[in-house]
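Here is the structure we will look at.
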Amino acid sequence: MIYLDNAATTKMFKGAVAVYEKYACQTFFNPSAGYDEAIKVSKDIDEAREKILKKLGVKGSVIFTSGATESNNIAIFGSKRNGKWEYVFSEGEHPSVYNVAKELESQGYIVHFIGLRKDGQVDYDQLLNCLNERTRLISTMHVSNETGAINNLKLIDEIRQQKCPKALFHVDGVQAFCKLEYNLSEYNVDLYTISAHKFCGPKGVGALYVKNTSSLKNITFGGGQEGGYRSGTENVGGIMAMGYAIDNYDTQANYIKVEKLKEEFVKEVSKDLKITILEGESPYILGLNLQGVNGETIMRALQDEGILVGIGSACSTKKAGNRVLNSMGYDINQIKSHIRISFIGDLKVEEVKDAGKKLVEVYNRIWENVK
Numbered sequence: 024m025i026y027l028d029n030a031a032t033t034k035m036f037k038g039a040v041a042v043y044e045k046y047a048c049q050t051f052f053n054p055s056a057g058y059d060e061a062i063k064v065s066k067d068i069d070e071a072r073e074k075i076l077k078k079l080g081v082k083g084s085v086i087f088t089s090g091a092t093e094s095n096n097i098a099i100f101g102s103k104r105n106g107k108w109e110y111v112f113s114e115g116e117h118p119s120v121y122n123v124a125k126e127l128e129s130q131g132y133i134v135h136f137i138g139l140r141k142d143g144q145v146d147y148d149q150l151l152n153c154l155n156e157r158t159r160l161i162s163t164m165h166v167s168n169e170t171g172a173i174n175n176l177k178l179i180d181e182i183r184q185q186k187c188p189k190a191l192f193h194v195d196g197v198q199a200f201c202k203l204e205y206n207l208s209e210y211n212v213d214l215y216t217i218s219a220h221k222f223c224g225p226k227g228v229g230a231l232y233v234k235n236t237s238s239l240k241n242i243t244f245g246g247g248q249e250g251g252y253r254s255g256t257e258n259v260g261g262i263m264a265m266g267y268a269i270d271n272y273d274t275q276a277n278y279i280k281v282e283k284l285k286e287e288f289v290k291e292v293s294k295d296l297k298i299t300i301l302e303g304e305s306p307y308i309l310g311l312n313l314q315g316v317n318g319e320t321i322m323r324a325l326q327d328e329g330i331l332v333g334i335g336s337a338c339s340t341k342k343a344g345n346r347v348l349n350s351m352g353y354d355i356n357q358i359k360s361h362i363r364i365s366f367i368g369d370l371k372v373e374e375v376k377d378a379g380k381k382l383v384e385v386y387n388r389i390w391e392n393v394k
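Structure (structure tokens):
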């Protein structure tokens, strides 16, 4: 099997599995308990927080969650305040942000959605014209899970400082954390979301970086864990396995490997002029438009050949259309014929080249039957 849907999820490091097993079956103590063994576990969790802060290059707090969806909900709902505040999102957001924004709107809050440029980045001119002194929150992706487009966080912060310096800046960093080299402190981000299973950690665990906890209100109530912002016994095994993944995911080495993989794959598929390549700045994600053939048909056919690809966000594949591509100006036929390829550093060049060749073969076989 050749797995090319790594934007959906990644395979766990074997070492991360071993760490998870240790904290699930041996050092399994509840970190909120008062005896020495539990206190040691609590300290281990705090060390995992420090790993995230160090990787991001910031100071502040880390709230451990069940994953990106919960982190995004805490960031957005925890930021809302009564009054005529306005909340700004891009059309390119993952459902775990976009649907929270729609829920805010349904509750009567003033919500604005900023369109995308043709390259998949936020329309910065539209953002500039939208922001004002009533803006409470700006929420946008770091890297698009659909296209690999990288938003210019520094520019967004400059626009914020110009129009609404007191507004909070939330970034969904799920497709960027560990995969790109950056220092988050350069962007003045207030809230930043990560998810462990996107960088070879376990599913069901993530984190929210918070620059200043006074900017947030808790949205759930319970035992007061995670500073009261995420009550409930921590997923210790998941947290520690995520810490292992952070330590062992070599950002620079993987980036170089993935650049090469993407280059070789593009060489193969670009031999067919009917295939349009949508390249974002991140080498991890690549979009393909397969003229005249339904993307899901290609996905199923490739699956029969032992090659797994995506057709968009794994959280919205059962829904018709594609809001992100539509905002970029793609018509319904282009959207229907779109597939997503996403890489990881442990793939072999030969595997990627074979997958590219097989994709072209499968596509042309189907094309001959539908043209």
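Our numbering puts the first residue of the sequence shown at 24, with every later residue one more than the last.
Glycine is no exception: its CB is placed at the ideal position from the N, C-alpha and C atoms.
query	result
Whole angstroms are fine: how far does the CA of residue 126 sit from the CA of residue 391?	45 Å
What is the rounded straight-line gap between the Cα of residue 372 and the Cα of residue 385?	20 Å
Quick one: which unbroken beta strand (DSSP E) runs of 3-plus residues sit fully inside the region 136-222? Chain order, please.	158-164, 191-195 and 214-218
Nearest to residue 49 by alpha carbon, out of 64, 55, 292 and 36?	64
DSSP three-state label for residue 341, please.	The predicted position of residue 341 is uncertain, since its pLDDT is 49 and thus under 50; a value taken from the coordinates is nonetheless stated next. Residue state, collapsed to three classes: coil.
On the CB-based measure, 16 or more other CB atoms within 10 Å of its CB, does residue 58 come out buried or exposed?	exposed
Between the Cα of residue 117 and the Cα atoms of 345, 377, 133 and 359, which residue gives the shortest distance?	345
Tell me whether residue 87 is buried or exposed, calling it buried when 16 or more other Cβ atoms sit within 10 Å of its Cβ.	buried
Could you work out which residue in 389, 322, 242 and 304 is closest to residue 94 when comparing CA atoms only?	242
By the DSSP assignment, the beta strand (DSSP E) with residue 111 in it spans what residues?	109-113
Hey, quick one: how far does the alpha helix (DSSP H) through residue 91 stretch, first residue to last?	91-100
Just list the residues that DSSP pairs residue 363 with in beta bridges.	310 and 333
Can you tell me whether residue 359 is buried or exposed? The criterion is at least 16 other CB atoms within 10 Å of its CB, across all chains shown.	buried
Quick one: give me the first and last residue of the alpha helix (DSSP H) that residue 279 is part of.	274-292
Could you check whether the region 251-262 touches the region 274-283, counting it as contact only if at least three pairs of C-beta atoms, one from each stretch, sit closer than 8 Å?	no
In angstroms with no decimal places, state the Cα-to-Cα distance between residue 167 and residue 115.	7 Å
So for residue 57, helix, strand or coil by DSSP?	coil
Would you kindly check if the distance between the Cβ of residue 158 and the Cβ of residue 109 is under 8 Å?	yes
So, helix, strand or coil for residue 236, using DSSP?	helix
Quick check: what's the CA-CA separation for residue 270 versus residue 141?	36 Å
Taking the straight line between their C-alpha atoms, what separation do you get for residue 113 and residue 211?	19 Å
So for residue 229, helix, strand or coil by DSSP?	strand
Could you please give me the residues that DSSP links to residue 302 through a beta bridge?	309
Less than 8 Å between the CB atoms is what I'm expecting for residue 99 and residue 120, so what's the real figure, rounded?	7 Å
Give me, in chain order, the residues of the same chain whose beta-carbon lies closer than 8 Å to that of residue 340; leave out the 5 immediate sequence neighbours on both sides.	With a pLDDT of 47 at residue 340, under the threshold of 50, the predicted position of this residue should be treated as unreliable, and no value is reported.
What's the gap between the Cα of residue 55 and the Cα of residue 247?	10 Å
With DSSP collapsed to three states, give me the class of residue 86.	strand
In the DSSP assignment, find the unbroken alpha helix (DSSP H) run with residue 121 in it and report its ends.	118-129
Looking at the structure shown, is residue 348 part of a helix, part of a strand, or coil, going by DSSP?	helix
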